[in-house]
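The structure appears right after this line, and notes come after that.
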Amino acid sequence: MSELGPLSGPGAPAVAFDPAHTLRQRAERLNQLYADLTPLQIVQHAIKEVFPGRIAVVSSFGAESAALLHLIARVAPDLPILFLDTGKHFQETLSYRDRLVKHLGLTGLVTLWPSPRQLAEEDPDGSLWQRAPDRCCTLRKVRPLDKALESFDAWISGRKRFHGGERESLKPVEIVDGRLQINPLAKLTQADIQTLLTEKDLPRHSLELEGYPSIGCATCTRRPTC
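1499 is the number of the first residue of the sequence shown in the numbering used here; add one for each residue after it.
Okay, here's the thing in structure tokens:
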């Protein structure tokens, strides 16, 4: 998959959107519109036509993050990019974040941290991940993201069907917690992602090159042994 589609021009379909629709109607209408669009066209339409000034992208700056952020850079390099600094990341991830932001010319990075008060109350010694990993994720990821997303009507994610599980039926647009989530890469295969990263010569996360297929917090990320 060498080209994800033009930003505009004769090859780009004409699309329309009625802001008076209910949330479910909006999601259904957008899924119809996005069925035959490229990831780049989906990103452009969502940012420029549907949610101008009211949409953000959420990125973990993990192994495949450059694919989505490359598209964001082409359409709106100043778009808010929400990054959750859990305090448990690999240093390699923080370095990769800074390198990728600079490489792509992204200017909208917004770093989110967990509440210091909640950390002191619920995880004073930083070991909650060992006792209750789901509670740790809620404290360090879910709550800060929920608070940040209050300022937006929609957000863009890098979710893909090939990740498996419940994502196998992933649609380009979902309703998540009363807000639209846009998944422009939903239909891409793992080979598509790797082709994009290679052809665009995008920086790679150093831990991916060491064999980590998925990279989250250092406390809970493990490299496959076989």
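All C-beta atoms in this analysis are idealised placements derived from N, C-alpha and C, irrespective of residue type, glycine included.
Looking only at C-alpha atoms, which of the options sits nearest to residue i?
i            : options                   : result
residue 1661 : 1571, 1703 and 1689       : 1689
residue 1556 : 1583, 1659 and 1534       : 1583
residue 1611 : 1671, 1714, 1586 and 1658 : 1586
residue 1542 : 1570, 1691 and 1614       : 1570
residue 1682 : 1535, 1530 and 1523       : 1535
residue 1722 : 1709, 1715, 1714 and 1713 : 1709
residue 1644 : 1693, 1581 and 1699       : 1581
residue 1599 : 1632, 1618, 1619 and 1577 : 1577
residue 1579 : 1656, 1530 and 1632       : 1656
residue 1715 : 1619, 1626, 1538 and 1618 : 1626
residue 1648 : 1619, 1632 and 1675       : 1675
Would you kindly check if the distance between the Cβ of residue j and the Cβ of residue i is under 9 angstroms?
i            : j            : result
residue 1646 : residue 1680 : no
residue 1673 : residue 1521 : yes
residue 1640 : residue 1554 : no
residue 1561 : residue 1706 : yes
residue 1634 : residue 1621 : yes
residue 1703 : residue 1591 : yes
residue 1549 : residue 1678 : yes
residue 1525 : residue 1669 : yes
residue 1616 : residue 1637 : yes
residue 1719 : residue 1628 : no
residue 1597 : residue 1711 : no
residue 1532 : residue 1545 : no
residue 1527 : residue 1559 : no
residue 1642 : residue 1667 : no
residue 1650 : residue 1552 : yes
Along the chain, where does the beta strand (DSSP E) that runs through residue i open and close?
i            : result
residue 1605 : Segment: none, residue 1605 is in no beta strand (DSSP E) and carries neither H nor E.
residue 1677 : 1677–1680
residue 1553 : 1553–1556
residue 1582 : 1579–1582
Mind checking which residues open and close the alpha helix (DSSP H) that includes residue i?
i            : result
residue 1535 : It is not in any alpha helix (DSSP H) - residue 1535 carries neither H nor E in the DSSP assignment.
residue 1566 : 1563–1573
residue 1707 : 1704–1707
residue 1617 : 1614–1620
residue 1695 : 1688–1697
residue 1626 : 1626–1629
I want to know whether the stretch 1565–1573 touches the stretch 1685–1702 - three or more CB-CB distances under 8 angstroms.
With three or more CB-CB distances shorter than 8 angstroms, the stretch 1565–1573 counts as touching the stretch 1685–1702.
Any alpha helix (DSSP H) of 4 or more consecutive residues that is wholly inside the stretch 1631–1676
Within the stretch 1631–1676, the complete alpha helix (DSSP H) runs of at least 4 residues are 1631–1635 and 1641–1647.
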